[in-house]
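Chains as they are written, first to last, in UniProt numbering: chain A, 1 to 193; chain B, 1 to 193. Input: a single structure, listed below in structure tokens.
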DNA sequence: CAATAACTGACGAACGTTCGTTAAATTTGA
DNA sequence: TCAAATTTAACGAACGTTCGTCAGTTATTG
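In structure tokens, the structure reads:
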């Protein structure tokens with residue numbers, strides 16, 4: 001399917017240069033056609049962008065939910081650390097997560113509202129599933145903390161900081177070091193001793 | 001000084017729309033002149049951008065270094081938490097920090113190298129002063145952890161996550177909640193008990 | 001008067017977009 | 001079955017607009 005090729009190229013350039021910095025001419029050249037031909041598959045730049053956005057959202061959401069669906073939920077230490085590693089793994093070989101992160105934080109102004117809706121949707125779901133896991137662990141005495149929400153927010157903070165390092169990421173060593181540091185302190189902060 | 005006004009407007013639009021999304025026409029209109037008049041003060045768009053970047057860098061660096069210079073270094077709990085609050089305060093009423101964050105993570109492609117040099121410079125200095133503080137606290141037994149570097153990285157992770165929330169930031173309550181959550185877990189993770 | 005800073009006017013280039021056309025593939029109907 | 005009709009996908013050319021930039025001219029100011 002040719003429109004999938006276009007979306008793939010669009011994903012690449014939107015991620016690399018942002019909405020305004022990516023041109024239809026570039027994208028078209030990547031798939032070996034002229035920019036006008038894109039209009040046979042999409043209504044315009046916004047349409048192309050929003051379709052790429054929704055694909056990325058679906059990938060992001062399903063991957064994360066799937067992880068916590070397949071986890072036995074008895075071992076918070078391995079489950080949570082595994083999630084961080086999953087994020088890193090996804091980020092390094094899945095362009096969509098990079099795209100999602102960039103557009104989440106710096107959306108094109110005229111599409112800000114549209115994007116924010118998608119972001120809130122995904123965030124609520126991830127937060128909800130995480131919070132219920134933390135509640136289970138709290139009830140079982142596997143972790144300690146004020147409330148499940150507190151633990152969720154703190155963990156999401158670790159996730160965010162790792163993602164920032166991934167975006168910035170030129171140094172693989174530094175990433176590992178930061179991951180280990182954040183994780184060590186976080187785990188010590190929520191584990192029973 | 002008129003060129004300061006131009007830089008101020010440029011800062012605003014670069015922050016809001018990114019390098020490619022900000023136009024000289026917009027910036028000029030903001031200060032009440034035509035875009036061609038900007039060339040009486042700057043060589044071009046890149047020159048304007050880089051001057052704004054260097055101003056922002058200086059503000060960012062001096063503010064952070066100044067904070068740790070004026071801290072008595074006897075009370076890590078208040079010192080570190082105060083730093084987080086400083087970041088929040090700066091971010092909310094200082095456009096330069098927002099600009100710096102955006103351009104750090106998503107620089108315009110053709111200026112990427114230039115920007116990266118500035119970023120590394122500032123990051124090394126902040127990391128160095130933080131690391132020496134943590135070393136002092138470790139030696140005094142005020143905090144516990146593997147190495148000073150580990151603690152530094154973990155704390156910088158908390159800073160990053162707060163900044164991300166600030167960028168994304170539409171909800172003041174959520175920001176406070178996330179700050180409290182991250183801080184509570186972080187502090188429990190490094191404090192003696 | 002000299003210098004600085006703003007202006008007007010114009011430039012080539014690139015932008016997203018629309019048009020009309022062509023050639024190939026697919027569907028239709030006798 | 002086979003020609004006719006329709007759809008699909010790409011194209012070149014051009015649209016109007018905006019972009020950053022440069023040159024020349026007027027206004028301001030000390």
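A virtual CB, placed ideally from N, CA and C, is assigned to each residue, including glycine.
Which residues of chain B have a Cβ atom closer than 8 Å to the Cβ of residue i, listed in chain order?
i             : result
residue 160/A : 160, 161, 164, 165
residue 20/A  : 17, 18, 20, 21
Are the CB atoms of residue i and residue j nearer to each other than 9 Å?
i             : j             : result
residue 127/B : residue 147/B : no
residue 15/A  : residue 95/A  : yes
residue 102/B : residue 18/B  : yes
residue 155/B : residue 61/B  : no
residue 159/A : residue 83/A  : yes
residue 48/A  : residue 35/A  : no
residue 56/A  : residue 91/A  : no
residue 193/B : residue 193/A : yes
residue 123/B : residue 149/B : no
residue 190/A : residue 188/B : yes
residue 22/A  : residue 75/A  : no
residue 59/A  : residue 97/A  : yes
residue 125/B : residue 50/B  : no
residue 20/A  : residue 20/B  : yes
Compare the C-beta of residue i against all C-beta atoms of chain B and say whether one is closer than 9 Å.
i             : result
residue 108/A : yes
residue 170/A : yes
residue 77/A  : no
residue 202/A : What is shown of chain A runs 1 to 193, which leaves residue 202/A out entirely.
Kindly say whether residue i, judged by its beta-carbon, lies nearer than 9 Å to any beta-carbon of chain A.
i             : result
residue 94/B  : no
residue 100/B : no
residue 105/B : yes
residue 181/B : yes
residue 54/B  : no
residue 63/B  : no
Quick one: which chain A residues come within Cβ less than 8 Å of residue i?
i            : result
residue 83/B : Those within 8 Å of residue 83/B in chain A number zero; the least Cβ separation is about 15 Å.
Give the residues of chain A in contact with residue i, contact being defined as C-beta atoms less than 9 Å apart.
i             : result
residue 190/B : 185, 188, 189
Identify the contact partners of residue i in chain B, using a Cβ-Cβ distance below 7 Å as the criterion.
i             : result
residue 146/A : 184
residue 178/A : 153, 157
Can you pull the chain A neighbours of residue i, defined as C-beta to C-beta under 7 Å?
i             : result
residue 150/B : 181, 184
Can you find a heavy atom of the ligand NAD that lies under 8 Å from the Cβ of residue i?
i             : result
residue 130/A : Judged by which ligands are present, the structure shown has none, so any question about the ligand NAD falls away.
- Message: So, does the segment 2-13 of chain B touch the segment 29-48 of chain B, judging by three or more C-beta pairs under 8 Å?
- Response: Contact holds: three or more Cβ-Cβ distances are below 8 Å.
- When the Cβ atoms of the segment 164-179 of chain B are set against those of the segment 171-182 of chain A, are three or more pairs found closer than 8 Å? In short, these stretches do not touch, since the Cβ pair count stays below three.
- Task: Give, in chain order, every unbroken run of the beta strand (DSSP E) that is at least 3 residues long and sits entirely within the segment 37-97 of chain B.
- Result: Whole beta strand (DSSP E) segments, 3+ residues: zero.
- Query: Which full runs of the beta strand (DSSP E) of 3+ residues lie inside the segment 94-139 of chain B, going along the chain?
  - Reply: Those beta strand (DSSP E) runs which fall completely within the segment 94-139 of chain B and span 3+ residues do not exist here.
- Looking at C-beta atoms only, is the number of pairs between the segment 62-77 of chain B and the segment 37-47 of chain B that lie closer than 8 Å three or more? No contact exists between the segment 62-77 of chain B and the segment 37-47 of chain B.
- Does the segment 97-111 of chain A touch the segment 178-190 of chain A, meaning 3 or more C-beta pairs lie closer than 8 Å? Three or more Cβ pairs closer than 8 Å define a contact, and the segment 178-190 of chain A falls short of that threshold against the segment 97-111 of chain A.
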